[in-house]
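Reviewing the structure listed below.
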Amino acid sequence: MSAPWLAERAAATRAAGLHRSPVARDTGDDLIDLASNDYLGLSRHPGVLAAAHAALDAYGAGATGSRLVTGTTRAHIDFEDDLADFLGFEAALVFSSGYLANVGAVTALVGRGDLIVSDRGTHASLIDGCRLSRARVVIVERGDVAAVSRALAEREEARALVVTDTVYSIDGAAAPVAGYYAAARAHDAVLLADEAHALGVRGPGGRGIVAESGLAGAPGLVVTTVASKSLGAQGGIVLGGTLLRDHLIDHARTFIFDTGLTPVAVGAAHAALRLLRSDPSLPDRLRRGARRLAASCGAPPPHAAVVSLAVGDPVVAVRAAACARRRGVLVGCFRPPSVPEGTSRLRLTVRADLDDATLDHVAAVVDESLREAGAPSPEAAR
Ligand SMILES: Cc1ncc(COP(=O)(O)O)c(C=O)c1O
16 MSAPWLAERA AATRAAGLHR SPVARDTGDD LIDLASNDYL GLSRHPGVLA AAHAALDAYG
76 AGATGSRLVT GTTRAHIDFE DDLADFLGFE AALVFSSGYL ANVGAVTALV GRGDLIVSDR
136 GTHASLIDGC RLSRARVVIV ERGDVAAVSR ALAEREEARA LVVTDTVYSI DGAAAPVAGY
196 YAAARAHDAV LLADEAHALG VRGPGGRGIV AESGLAGAPG LVVTTVASKS LGAQGGIVLG
256 GTLLRDHLID HARTFIFDTG LTPVAVGAAH AALRLLRSDP SLPDRLRRGA RRLAASCGAP
316 PPHAAVVSLA VGDPVVAVRA AACARRRGVL VGCFRPPSVP EGTSRLRLTV RADLDDATLD
376 HVAAVVDESL REAGAPSPEA AR
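Each position in the sequence shown, counted from 1, maps to that position plus 15 in the working numbering.
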């Protein structure tokens, strides 16, 4: 395709320091990874790999069809049952990604003539679900419980949904989940809470912020989460009551019109869940590591596994990430549109399998890289 506007757009994107290109990982890479979301380091755990191989042998390379045709295997049902039991909900439903779980859940719960109150920090998949739903959307500032209450109280719509991440993906801060739930209940609305960055990280045994807030299985609460982060695999899950599960099966378009999650990923995710269940100290190790790294980098104490270093200028952030890579450390670099203008940042994700010496080495590398790139000190950038 050759259209002049594409070239103009590409030039403008580059000039703003916002051009992106996927960097291929290779098996010979010897980088210390603080960019992935493999929080518990389970993506290459021998037990997880063995389960993935077993599912591959049992069911083949793909799901072969949508969940409602041939894409549901025994492995999907067993994983759903086990995850629902672990997180304290009546039922769970697996989608082929966390993105599709969010889009499917929001669009199946509200539509034209309804209201969504969305926290400004929610992930793009929830934002896209809100847009696709055709409901009226009110956006409130991050964590603003009073604004949620106000929007719900002032509405004319009968049905309303509040959506939020429980741990914001950008900087790992925690949302006021209990406050949002109370506001939703007081105004006859449903709360959808995305635990993607909290599963395996926060709460008792890694059960997330919803469990930590005493809300597991609570009425009027829908939880979404992913198998692609602490479970080291792939896939998205919606949790709630059996009525909700049945409703999603009938109405969530991203469930109905999508090939089911590959059984290989289901097998891997289920094995990772069993490992998390059998070793509740994993999330503690992860959070301890995150606190240590944040302290050494001069970042605020983290709420979860993400250590976020504000840089500001996207060009400087990219330069700093490249310097760190040259020194053997892979870090995330977030720029607009993933973050608001002027808040580009390095995003370091800690893993439970990184020891103290490695974390201290990472902190030293990041410090040198930020200085070499000309970034302000973390205190100045905050
Ligand atoms: C908060 C949040 N929700 C949902 C998703 C989407 O999950 P997935 O990557 O499994 O599609 C992400 C992924 O980055 C996320 O950070």
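For each residue, glycine too, the CB sits at the ideal point set by N, CA and C.
- DSSP lists Ser133 as the bridge partner or partners of isoleucine 154.
- Around the beta carbon of threonine 257, fewer than 16 other beta carbons sit within 10 angstroms, so the residue counts as exposed.
- For leucine 115, the distance from the CB to the nearest heavy atom of ligand 1 is below 8 Å.
- Apart from the 5 residues on each side of it in sequence, leucine 46 sits with its Cβ closer than 8 Å to the Cβ of Arg340, Gly343, Val344, Leu345 in its chain, given in chain order.
- Apart from the 5 residues on each side of it in sequence, alanine 320 sits with its Cβ closer than 6 Å to the Cβ of Tyr54, Val216, Leu301, Ala305, Thr364, Val365 in its chain, given in chain order.
- Contact between leucine 147 and valine 118 holds, with the beta-carbon distance rounding to 6 Å and staying under 8 Å.
- 9 Å or more divides the Cβ of isoleucine 271 from the Cβ of leucine 108.
- Between alanine 190 and aspartate 180, the gap from beta carbon to beta carbon is short of 9 Å.
- For arginine 362, the uninterrupted beta strand (DSSP E) segment begins and ends at 359-364.
- According to DSSP, cysteine 312 shares a beta bridge with no other residue.
- Assignment of phenylalanine 349 by DSSP, reduced to helix, strand and coil, places it in the strand class.
- Aspartate 371 and aspartate 265 have their C-alpha atoms roughly 49 Å apart.
- Straight across, the Cα-Cα distance linking serine 51 with arginine 360 is about 15 Å.
- When rounded, the separation of the alpha-carbon atoms in valine 354 and alanine 332 is 12 Å.
- Boundaries cannot be given for valine 38, as no alpha helix (DSSP H) includes it and DSSP labels it neither H nor E.
- Taking valine 155 as the centre and dropping the five residues before and after it, the same chain places the C-beta of Val132, Asp134, Arg135, Ala162, Val163, Ala166 closer than 7 Å to its C-beta, in chain order.
- For threonine 239, the shortest separation between its Cβ and any heavy atom of ligand 1 lies below 8 Å.
- Ranking Ser17, Ala30, Ala116, Leu21 by CA distance to the CA of aspartate 328 puts Ala30 first.
- Ligand 1 never approaches histidine 60 closely enough for any of its heavy atoms to be under 8 Å from the residue's Cβ.
- Per DSSP, the continuous beta strand (DSSP E) segment holding serine 323 begins and ends at 321-327.
- Note that the C-beta distance between leucine 297 and leucine 290 is below 9 Å.
- DSSP places serine 81 in the strand class (E or B) of the three-state scheme.
- Between the alpha carbons of glycine 218 and leucine 246 lies a gap of roughly 15 Å.
- The alpha-carbon of alanine 69 is positioned some 16 Å away from that of glutamine 249.
- Under the three-state reduction of DSSP output, glycine 255 falls in the strand class.
- Ranking Arg149, Arg157, Val121, Asp186 by CA distance to the CA of alanine 325 puts Asp186 first.
- Secondary structure at isoleucine 224: helix, using DSSP grouped into helix, strand and coil.
- When beta bridges are read from the DSSP output, isoleucine 47 appears opposite Val344.
- By the criterion of a C-beta distance shorter than 6 Å, threonine 277 is surrounded in its chain by Gly77, Ala78, once the five residues flanking it on both sides are discounted.
- Beta bridge pairing from DSSP links threonine 181 with no other residue.
- The three-state secondary structure of phenylalanine 272, taken from DSSP, is coil.
- If you draw a straight line from the Cα of alanine 65 to the Cα of arginine 59, it comes to about 10 Å.
- Around proline 234, the same chain offers no residue with a beta carbon nearer than 6 Å, after the five sequence neighbours per side are excluded.
- Here the alpha carbon of alanine 337 sits roughly 45 Å from the alpha carbon of arginine 127.
- Comparing C-alpha distances from alanine 67 to each of Asp368, Ser311, Arg386, Ala286 shows the shortest one belongs to Ala286.
- Each residue's CA atom was taken as its position, placing leucine 33 and arginine 350 some 7 Å apart.
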